[in-house]
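Asker: Have a look at this one.
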Amino acid sequence: MDQLARIVLDGIVFASYLFLVSAGLTFIYGVMRILNTAHGSIYGLGAYTAAWLLLRLWPGGSGSIPIWGSYLVLLLGALIVGLIIGPLMERLFIRRVVDRGEVIPLILTFALFLILDDVMKLIWGVDPLLADLPFSMLGAISLAGINYPVYPFLLTLVAVGAAFVMWFIINRTRFGKLVISVIADREVSGTLGINVPRIYTFAFTLGAILAALGGAFVAPMISVVPGISVEVIILSFAVTTIGGLGSVGGAAIGAALVGLLRSMAVQYVPELDLFVIYALMTLILLIKPRGLFGGVEARRI
Amino acid sequence: MTLDQDAAVARDAGVGRDARFRSDAESEPPGDRPVSPRARRARFERGRLIALAILAVLALLPFLGMPGWLLFLLTIAFSKGLVVLGVVLLLRGDLVSFGHGLYYAAGAYTVGLLLRAGFPVRDAFPLAVLGGVVAALVAALVGLFLARYRGIFFGMLSTAFSMILYSLLLKLYWVTGGTDGIAVRVPTTLGIQPSADLIRVVQYYFVLAIAAGVAYLAYRVVNSPLGFLMRGINDNEIRVEYMGASVRRAIYQTYVLAGALGGLGGALVAVTVGHIAPDLAYWTASGEFIFIALLGGSGSVFAPFIGATVFEMVRNYAFKLSPYTWQMLLGSVLLVIILFAPGGLWSIIERLTQRAAARRAAAADPGTGAGDDKGRGWALSSKP
């Protein structure tokens, strides 16, 4: 029973993390048809910025600002990173290759990933940053017979909040309507007077903010070290492929599936915790070649 | 119709693209760029001459007082060049194998696990061949599945398969040694049991010979019907199907071949380095192969080897000079290539030699069109 509770709780938390890092990736792909390999680096930048701010403002776990402010700092840190790095990356690099098929952008963003990995080392050094203040402050509660820390549920809250904001932006705002139009046909949208490049910048920035948000809120749970971006991107590849590239709802379902499956594997067959994720991905693609919610692409003759 | 329109139609039909890999007289398809048979023949002869000259220079290197570490570096570069050659064969059909580490690791672990299990054959050559065969078998299985996909999906699925192997290599530590990996001790190379100071030289010749042989085979493949099909698939695969060829079969065959090359390269690296670890299958290793493929370009079967050599040199020096920024340097080089030199290093070499050739040709025989071939990178061509 305890084990089951642990599986479910771990699964939910892991799924929240996965959703935060994959939603932006899949959204950017949906709008721009670009798979951003550097997405994990934005996550890393978010984590580093958040951890660094926490250590700066509350050295040794105390400071002149009330501690609840640390949660605001996480949010602000993520926004700053997303708002700076998103437009910068899109305007300087992505824009130049957006018309060159799917493969070139993939490789270009791989180059950006390599560069950003070292940028993080240059800025923050190679020693791990430990900033667990927001984590330890919330303590633990007894849930379904087991002791479980509270902070991870904040991550879930953030994920749900992000999902709602995404939904609202896409379905209830003017910008969302324009985005949907660009997704449907970028050329016709441009002809009708929509500023497609600007939509791209906004969409890319939105995705970047999501990734940074994931990094910032995960930072207090882990020690932030060089190379944290490497694993993220590969996990979010799996999640988005399972859910169907380009579908934010699909990413949510994919994250939930992968999260639960992984926490199950961790409890029962810890040797296979990574294996099951890719096995699931392969299985789903065998049945549905474009993922669970992937659209059908017309063949071009 | 203007000349431009003509060119556009020819391009859409999958013919008339510049010959990416130099082809000889027999295999040049009708309707290709107007080059007189005499000029074509001469070019082929010249290419063969240059290849033999390069090979001779490389074979002489150990006698020129090369330090052991440099030979070692070249040995690794040529082994990786084999893997990249496979990646390039796929790239010609616009397929990015962002998971070729799968075959690289499969080849390396075949050698490592066989030796560990007390396999009776303990010579580098049969072991390397076995590595290639095992990788080809894996590719034959994975390819059944992958041949359905194109573009980004092909890349991501390749990654997924390599990550499956990675996770198994990492976690099944009682078989694979986990992160510690396996030490590979190969007693003999082609029956020779070299002394400690000669081992680098023997390995160098061993890998050089294999690389040269495989490069020739790859050249033949590129100029075979299969090679031309891949070119057509890059342009427009539906038209290729309308012409009666099976796209899926062409992709499958190329994929298995590329897998075999990956396994061969991985086995050679295992034998040379003497140690293998799960990182060989990690997605960043696969990214490295794509990197080298773009760095070298795809204008020739030599390009992957040139790319791999430059890559290893740059990495070696950059890592020594500043361990925290060498990745940044690699990334920046890659950025520059994508944005400014889409044909890779080979296209730069080609442009230089062609400028000279065109000047010569213009003086001797106007109208051979030897200067047509701009050597543009097919892998980086934009799709309509």
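Chains A and B are the protein sequences, given in the same order. The opening residue of the first sequence carries number 517 in the numbering used here; numbering runs sequentially from there. The opening residue of the second sequence carries number 15 in the numbering used here; numbering runs sequentially from there. Where is the CB? At the ideal position from N, CA and C, for every residue including glycine. Just so it is clear, the structure is predicted and the values come from calculations on it, not from any experiment.
Given a threshold of 16 other Cβ atoms within 10 Å of its Cβ, counted over all protein chains shown, does residue 207 of chain B qualify as buried or as exposed?
Answerer: exposed
Asker: Does residue 747 of chain A have its Cβ less than 7 Å from a Cβ in chain B?
Answerer: no
Asker: Excluding sequence positions up to five away, which residues of its chain have a Cβ less than 7 Å from the Cβ of residue 445 of chain B?
Answerer: The structure shown does not extend to residue 445 of chain B, since chain B is modelled only from 15 through 398, so no value can be given for it.
Asker: Would a check of beta-carbon distances place residue 185 of chain B closer than 7 Å to chain A?
Answerer: yes
Asker: Just list the beta strand (DSSP E) runs in the region 740 to 800 of chain A, keeping only unbroken ones of 3 residues or longer that don't cross its boundaries, in chain order.
Answerer: none
Asker: Give the single residue among B/173, B/254, B/194, B/375 whose Cα lies nearest to the Cα of residue 301 of chain B.
Answerer: B/173
Asker: Output yes if chain A places a C-beta closer than 7 Å to the C-beta of residue 288 of chain B; else output no.
Answerer: no
Asker: Would you say the beta carbon of residue 122 of chain B comes nearer than 6 Å to a heavy atom of the ligand FMN?
Answerer: Among the components of this structure there are no ligands whatsoever, and the ligand FMN is therefore not found.
Asker: Just verifying my parser: in three-state terms, what is the DSSP assignment at residue 663 of chain A?
Answerer: Residue 663 of chain A: strand per DSSP, three-state reduction.
Asker: Is the separation between the beta-carbon of residue 726 of chain A and that of residue 593 of chain A shorter than 7 Å?
Answerer: Against a cut-off of 7 Å, the Cβ pair of residue 593 of chain A and residue 726 of chain A comes out as no contact.
Asker: Where does residue 747 of chain A land, buried or exposed, given buried means 16+ other C-beta within 10 angstroms?
Answerer: exposed
Asker: Do residue 557 of chain A and residue 626 of chain A have their CB atoms nearer than 7 Å?
Answerer: no
Asker: List the endpoints of the continuous alpha helix (DSSP H) containing residue 206 of chain B.
Answerer: From DSSP, residue 206 of chain B is part of no alpha helix (DSSP H); its letter is neither H nor E.
Asker: Measuring CB to CB, does residue 775 of chain A end up less than 7 Å from residue 766 of chain A?
Answerer: no
Asker: Rounded to whole angstroms, what's the CA-CA distance from residue 131 of chain B to residue 196 of chain B? Just pull it up for me.
Answerer: For residue 131 of chain B and residue 196 of chain B, the distance between alpha carbons rounds to 12 Å.
Asker: When you compare each of B/378, B/71, B/97, B/82 to residue 232 of chain B by their alpha carbons, which one comes out closest?
Answerer: Each of B/378, B/71, B/97, B/82 was checked against the Cα of residue 232 of chain B, and the nearest Cα belongs to B/97.
Asker: If you reduce the DSSP assignment to three classes, tell me which class residue 131 of chain B lands in.
Answerer: coil
Asker: If you measure beta-carbon to beta-carbon, which residues of the region 608 to 627 of chain A are closer than 8 Å to chain B?
Answerer: Answer set for the region 608 to 627 of chain A: 609, 612, 613, 615, 616, 617, 618, 619, 620, 622, 623, 624, 626, 627.
Asker: Any C-beta of chain B sitting closer than 7 Å to the C-beta of residue 630 of chain A?
Answerer: So yes, residue 630 of chain A belongs to the interface.
Asker: Tell me the residue span of the alpha helix (DSSP H) that contains residue 708 of chain A.
Answerer: Where residue 708 of chain A is concerned, there is no enclosing alpha helix (DSSP H), given that its DSSP letter is neither H nor E.
Asker: I want to verify the contact list: residues of chain B whose CB lies under 9 Å from the CB of residue 805 of chain A, in sequence order.
Answerer: Correct list: 162, 163, 167.
Asker: If we cut at 7 Å on Cβ distances, does residue 790 of chain A have a partner in chain B?
Answerer: yes
Asker: In angstroms with no decimal places, state the Cα-to-Cα distance between residue 217 of chain B and residue 57 of chain B.
Answerer: Straight through space, the alpha carbons of residue 57 of chain B and residue 217 of chain B are spaced by roughly 33 Å.
Asker: Does the region 771 to 785 of chain A come close enough to the region 704 to 712 of chain A to have 3 or more Cβ pairs within less than 8 Å?
Answerer: no
Asker: For a minimum of 3 consecutive residues, which ranges assigned as the beta strand (DSSP E) are wholly contained in the region 623 to 709 of chain A?
Answerer: Uninterrupted beta strand (DSSP E) stretches at least 3 residues long and entirely within the region 623 to 709 of chain A occur at 656 to 659, 662 to 665, given in chain order.
Asker: Indicate the three-state DSSP secondary structure (helix, strand or coil) for residue 536 of chain A in the structure shown.
Answerer: helix
Asker: With a cut-off of 7 Å, does the C-beta of residue 703 of chain A fall near any C-beta of chain B?
Answerer: no
Asker: Can you grab the Cα-Cα spacing for the pair residue 255 of chain B / residue 168 of chain B, in whole Å?
Answerer: 19 Å
Asker: Beta-carbon separation of residue 179 of chain B and residue 272 of chain B under 7 Å?
Answerer: no
Asker: Please say whether residue 270 of chain B and residue 153 of chain B have beta carbons closer to each other than 7 Å?
Answerer: yes
Asker: Distance check for residue 808 of chain A and residue 41 of chain B, CA to CA, integer angstroms please.
Answerer: Reliability fails at residue 41 of chain B, whose pLDDT of 41 lies under 50, so the model's placement of it is uncertain and the value that follows must be treated cautiously. Those two C-alpha atoms are separated by around 45 Å.
Asker: Which residues mark the beginning and the end of the alpha helix (DSSP H) in which residue 83 of chain B is found?
Answerer: 82 to 105
Asker: Any idea what DSSP makes of residue 555 of chain A, helix, strand or coil?
Answerer: Looking at residue 555 of chain A - three-state DSSP - the assignment turns out to be helix.
Asker: Residues of chain A with CB under 7 Å from residue 118 of chain B, in chain order?
Answerer: The contacting residues do not exist; residue 118 of chain B stays about 17 Å from chain A at best.
Asker: From the DSSP secondary-structure annotation, give me the bridge partner or partners of residue 197 of chain B.
Answerer: Residue 197 of chain B pairs with B/289.
Asker: Just curious, the alpha helix (DSSP H) that residue 244 of chain B is in, first and last residue?
Answerer: 239 to 256
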